[in-house]
Amino acid sequence: MASTELATQRALYVGNTISSVVYGGNLFLYVYSTYLLMTSVKQVRHRRFYICFGGLLLLLLTIASASNNALCELMWIENQSYPGGPPAYLAANLAAWYNVFGTAADCAANILTDGLLLYRCYIILGSRLPIIIIPAIIYLGSATMAVMMVIESAMPMSNLWQGFAAQFGISWVALTVGFNIIVTALIVSRLLFFHRRVQSIFTDQQKSTYTGTVAILVESALPFTILGIAYLATYIQGVPSATAVGIIWGTFVVLSPQLIILRIAAGTAWSRDTASDITQTTLHASPHVSSSSSSSNTINKNPW
């Protein structure tokens, strides 16, 4: 077996192993956030939507993971004596229905995730429509390229790493990563702006809840964006490690929005009123009044 083919086999194994671990995390987060949404005594807006949305993402991830595992099981166990070995079987079955089905599920999850990120960006930036026009255009272009890639990958003897399918795939990943970079930058800049404003007013707990490191990482989906950049770089180069990075990136497509839903379920996510509440708190804050007492009445109310 050639070194490149062996590296691809390793990448498949590593990618599936790590994605299985992340899948378990996704499953736990969905069950836990659903429990919080169902048992919360506070009124949570769009409670049923987030439960259904998270469940749909988990279902799509399950289909994609099952497809990857089925391909590897057929390649390494059921057809290990296939002429040319596992590399030949992989090349001949990339366009198999179950593999295309898994790719379509991953693309659908990505479209839903980017849609949620666009909505969260709109909320965090004060519901100002002009700011999200460019990200929205990129989002539509990314969704179009994803659909075209799935259609092309279903053609007989098609290959996601070569030909038209690869061209559509690279365009899809590039647009998705570009979209995530823009949205992440907008959200991070907004949260850092408010973080500076509340430095001398909020308690440490209040600052960490709404403008802390965890809030910035989750609300902006920064880890997902960084991983997407790595996937795009390896995909363009066509190196074997792109397979592993792509599989892991596909699981983070669901992990990032599930973390956001968990914050919403816990009542710590940003809402339409959070920015205005912080502004009012800073305007009415007095150096003679305890910061914890002046801000808790405003910002600690349920944002949803």
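The sequence shown maps to residues 1103 to 1406 in my numbering.
Where is the CB? At the ideal position from N, CA and C, for every residue including glycine.
Just so you know, these numbers come straight off a predicted model, no measurement behind them.
query	result
9 Å Cβ cutoff met for Y1125 and T1353	yes
With 16 other Cβ atoms within 10 Å as the buried cut-off, status of T1278	buried
Of the listed residues S1322, Y1337 and T1246, nearest to R1292 (C-alpha basis)	S1322
Counted within 10 angstroms of its Cβ, other Cβ atoms place R1222 as buried (16 or more) or exposed	buried
P1232 CB to nearest heavy atom of the ligand MG below 8 Å	With respect to small molecules bound, the structure shown includes none, and the ligand MG cannot be examined in it.
Inter-stretch contact at 8 Å, needing at least 3 Cβ pairs: the region 1325-1338 / the region 1353-1368	yes
C-alpha gap between G1348 and R1298, whole angstroms	36 Å
Short Cβ contact (9 Å threshold) for A1109 with S1273	no
Simplified DSSP state of M1417, which is helix, strand or coil	No answer is possible for residue 1417: the residues shown for the chain start at 1103 and end at 1406.
Supposed close pair D1216, Y1241 - CB separation, criterion 8 Å	5 Å
Simplified DSSP state of V1341, which is helix, strand or coil	coil
Alpha carbon of A1091 to alpha carbon of T1141, nearest angstrom	No statement about residue 1091 is possible, as the shown extent of the chain runs from 1103 to 1406 and does not include it.
Length of the line joining the Cα atoms of Y1152 and R1365	11 Å
Residue range of the unbroken alpha helix (DSSP H) whose run includes M1247	I1235 to S1255
Validate contact between the region 1207-1216 and the region 1160-1177 using beta carbons, cut 8 Å, 3 pairs	yes
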